[in-house]
Each structure stands twice: as structure tokens, then as C-alpha cells.
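When you line the sequence shown up against the numbering used here, it's residues 1 to 252, in that order. For glycine and all other residues, C-beta sits at the position ideal for the given N, C-alpha and C. The structure appears below as C-alpha cells.
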Amino acid sequence: MSATPAFSLDGRRAFVTGSESGLGRAIAAAFVGAGAAVVGADVAVAPAESGSRSSAGHSRLMMDLCDRDGIAVAVERAIQLLGGIDICVNCAGIGGRSPAEEYPDELWDRVLATNLTGSFAVAKLVGRHMVEHGAGSIVNIASIGGIVGYPGSVGYQASKGAIVQMTRTLAVEWGPSNVRVNAIAPGHIATELVQRQWQVEPQLKDFFLARTPLGRLGDPSDIANAAVFLASDAARMITGQVLVVDGGYTSQ
């Protein structure tokens, strides 16, 4: 079944970071399903595989968010492959669990460099392209950790709180050029990465589940559907907003 016209991405060209796993993979697949041409970029793509196609039907590029020169190369290559970029999803990122008083300096630096500095580098380059062409939609993946506090992830939460403010600022700056910038703040989503963390901290799943009014944790498709909405014409009057997809966690 095809999407209704307002939610269709037919003819759109999308660049999705973190596309090899978790939320990024689900978003890239949902975009393809909604009719978009997609280039995904991820540090997990081997150099020899860069330019190949995924099983979901999108092109794949190698990109490391800690390598600014590499980011510039990947964005330019994506523009070449697609003929332009109409949609960008900043999804790539890392976690990092540790009590604040023991949080390693090197982990703080790596989390902020990846989640914040790398995401801004992508947004800046793609945003410049969109501003020049007078249209575009950027969706940044934030987190409920950027809105409310919970223990054990201070670097991650600081980076995601900064993503929220980056989103609002870019929306104000680029709105006059018809470039929309929004964020999605997922709750605790059962990605492969999160499930691996449950093996280390079995109590983590119960912590979030007990505080989620809907009584269940999210699936990557829940975030992918929200991304399709924000990227589509159905959200054409929405910018500078944070769409929280958390089963009600932050409503308390």
C-alpha cells in the first residue's frame, strides 16, 4: 500500500547517517518504502563496500563522524549520487554508560565529538546545500535523555540536550530559506545496541519499562514512522520542534 500523498516521499532524495543498524537502518528502509531515493552513511561500512547497495535498497557510504574531512567527502558524494539532498536524518551516534563521578574524560570527549560535533558538521554542510536550493528538511535524532535526567549517561544526555538546542537554532536561521529542522526524541527503544546494554545492566530495561505509561518499550519502526512524517509535506508547517516518541515517559 502506498503512502497517502501528504506522507509520500516520492521523488525525494534523502541522506541518512547511522544507516547500518538500529534506528538509522529502520529510517533508511522506511524512507525507501515511502518512495525516497536514499544514501546511507555509517562508520560500519567498509571502504571497499562504499557505494554498494543495502538489502533495503539504499546506497551505502563509509563515514566517521569524528572525521570532518571524511564527512565533507561523504556529503559531497551523496549529493553526486542523488543529484541533490532534500532530506537529511542525523541519526548516527554513540552511548556511554558510567556514573558521573567516574565518567572517563576520553569517553566524554568521544561522545560529544560524535553525537554533537559530528552531527553539526553534517547539518552545516547539508544545510548549506538546502539553503542554496531554497528547500529541505533535516531531522536530528535527539533523545528523552536530552529533555529529562536519569542516571548513568551524563555525556550522552549532555550531547542530546545540545542537539535539541542546535535543532531550534538551525530552524530559526534556515526557516526563511524554507529549510525545516526538527528533532525526534526517542524513549528507550529496543535496538541491538540497547539490547546488548541490557545484558550488562539487566535492571535498565525494567527501569524504563516501569516508568513508561504505555507499558511497553519502543521499536525502531516507531521512530522511523515519525521520521517519515517530519520529512514529508504532512509536516510542512512544522519546524524547530522536538517530537517525543517515548510511550509517555516524559509526561510524568
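Out of curiosity, what's the CA-to-CA distance linking H133 and D206? 47 Å
For A185, the residue or residues it bridges with in DSSP: V244
Cα-Cα separation, I51 to S59: Reading off the sequence shown, one finds Gly at residue 51, where the question assumed Ile. Between G51 and S59, the C-alpha separation is close to 6 Å.
Run of the beta strand (DSSP E) containing T17, from where it starts to where it stops: R13 to T17
Can you tell me whether M130 is buried or exposed, with buried defined as 16 or more other CB within 10 angstroms of its CB? buried
Under a Cβ-count criterion, where at least 16 other Cβ atoms within 10 Å of its own Cβ denotes burial, should G136 be classed as buried or exposed? buried
Counting C-beta neighbours from all protein chains within 10 Å, is the total for S19 16 or more, i.e. buried, or is it exposed? buried
Starting from the Cα of V126, find the closest Cα among K160, Q203, G161 and I87 and give me that residue. I87
So S232 and L9 are supposed to be a Cβ contact under 8 Å. How far apart are they, rounded? 6 Å
Name the residue from I138, N115 and A171 whose alpha carbon lies nearest to the alpha carbon of G145. N115
Own chain, CB closer than 6 Å to A100, minus 5 neighbours either side, in chain order: V154
Judging by CA-CA distance, which residue of R180, Y103 and E102 is the nearest neighbour of R168? R180
Among A41, I138 and R53, which residue has its Cα nearest to the Cα of G93? A41
Between Y150 and G83, what straight-line distance do the alpha-carbon atoms span, to the nearest angstrom? 43 Å
A37 - DSSP class collapsed to helix/strand/coil: strand
Name, in chain order, the residues that DSSP records as bridge partners for C88. F15 and I138
Short of 6 Å in beta carbon distance, which residues of its chain neighbour N140, apart from the five on each side in sequence? Order them along the chain. N90, I163, T167 and A183
Pull up the DSSP beta-bridge partners for S98, would you. S153
Roughly how many angstroms lie between the CA atoms of P186 and A226, to the nearest whole one? 10 Å
Using the Cβ count rule (16 or more neighbours within 10 Å means buried), how would you classify L61? buried
Using a 10 Å radius around the Cβ and a threshold of 16 neighbouring Cβ atoms, would you call Q195 buried or exposed? exposed
Alpha helix (DSSP H) containing M130: first to last residue? S119 to H133
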